[in-house]
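K.L.:
Using our numbering, the first residue of the sequence shown is number 17, and each one after it goes up by one. Just so it is clear, CB atoms sit at the ideal spot from N, CA and C, and this is done for glycine as well.
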Amino acid sequence: MTRCWNGVIAFAVAGFASVSIATHAQSFPVKPARIMVGYAPGGGVDTTARIVAASLTDAWGSQVLVENRPGAAGNIATEYTARATPDGYTYVLCNIGSHAVTPARFGARLTYDPVNDFAFPVLLGGVPNVLMVHPSLPMKTLKQYIGYAKANPGKVNFGSSGVGASPHMSIELLKMVSGIDIVHVPYKGAAVALTDVISGHLESSVGNLAGGPLGAIKSGRVRALGVTSGKRSPQLPDVPTFQEQGIAGFDVTGWYGLCTQAKVPGAIVTRVNTDVNRMLGAGQALRQRLEEQAIDPSPTTPEAFAALVRTEIARWTKVVREAKLEGD
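(1) How would you label R125, buried or exposed, when you count the other beta carbons within 10 angstroms and need 16 or more for buried?
(2) Would you call the CB atoms of I233 and A226 closer than 8 Å?
(3) Between the alpha carbons of N145 and S78, how many angstroms are there, rounded?
(4) What span of residues does the alpha helix (DSSP H) with L230 cover, start to end?
(5) Who are the Cβ neighbours of P151 in its own chain at under 8 Å, not counting the five residues just before and after it?
(6) Tell me the DSSP secondary structure of P130 in three-state form.
(7) Threshold first: 4 residues or longer. Then list the alpha helix (DSSP H) segments lying entirely within the region 153-215, N to C.
(8) Please look up how many angstroms separate the CB atoms of N132 and A283, rounded, as I've assumed it's under 8 Å.
(9) Looking only at its chain, what residues have a beta carbon closer than 6 Å to the beta carbon of N173, apart from the 5 residues adjacent to it on each side?
(10) If we call anything under 8 Å between Cβ atoms a contact, is F272 one with V143?
(11) So, with DSSP's three-state summary, where would you put V108?
(12) Let me know the secondary structure DSSP gives R50 once reduced to three states.
(13) Do I196 and A165 have their C-beta atoms closer together than 8 Å?
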């Protein structure tokens, strides 16, 4: 009798928990949520996070804040998110750097597990990187840049938003396949690196198109030599891809998504996925704003997003090892 009664109680408790989680998801959110950014204000990650936060604030009728915690190639913000209370109110704007390259660089020494410590509510979209130079330099194509670098080994520098970010890794891959020797200058944000190219303090820079270089490119303050994606960007239709300029098979497309703690209730993960994917639909304001930032919206499921992360870790682990970029 006691065993039977215990079974009834367990069933009732499980049923109550299920109802409680579902009810919580329906009433969510009841307080402000946060999107953590691992880079300084002004770059692609920061800009995208603020666009998404504004759209979610409007959709939910509850404030969604952006909090910058730059440093350690985005690790500070990512680790903070992994350790936050799993209640659905803390997210990180995750990307190739935080969830693929950094794990490849640090392996077991990393303080968070990029797959098992996280849930992956929604993938926002992909974005190409662009290689830029100061307009005073005698090069207008990627081929000329490579030729200049080969003629001046170890003397050409390029800036990026930080070690391990998608822009940086795209040039590390270019170095591997082209045989050039150029020096990486890491910054805490893409905006600072771009400013130094514009001012002439830095010869070249690579950044994703969501990071603000479009205005500088179109105004002639910097010269775009090529985009790293497999196809041209609609925002820069006259700028050829690396593939078109002789780098066969080259395709590095960064991506952005919202990641949260693995133990966040599944109903909340589903709610965020449904709400954001709806806003990524044709004609929606969020989709239009992301497209203006050269981001190609890619609505998908949390499961498909998690699978992408696992695939990217495998891909970039090979590049990190060959380029000898393992972290200290």
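P.N.:
This is what the structure holds:
(1) Answer is exposed; the Cβ neighbour count stays below 16.
(2) By the CB criterion at 8 Å, I233 and A226 fall outside the cutoff.
(3) Using only the alpha carbons, I get a separation of about 33 Å.
(4) First-last of the alpha helix (DSSP H) with L230: P229 to K234.
(5) The residues are G236, R237, V238 and R239.
(6) DSSP, reduced to helix, strand and coil, places P130 outside both helices and strands of the structure shown, so it counts as coil.
(7) Fully enclosed alpha helix (DSSP H) runs of no fewer than 4 residues occupy 158-167, 182-194 and 206-215 of the region 153-215, in order along the chain.
(8) Contact doesn't hold; Cβ gap of about 20 Å is too wide.
(9) Excluding sequence positions up to five before and after N173, its CB lies within less than 6 Å of the CB of V199, V201 and E219, all in the same chain and listed in chain order.
(10) Contrary to the premise, residue 272 reads as Tyr rather than Phe in this sequence. Against a cut-off of 8 Å, the Cβ pair of V143 and Y272 comes out as a contact.
(11) It is a strand residue.
(12) Correct three-state label for R50: strand.
(13) The answer is yes: Cβ separation under 8 Å.
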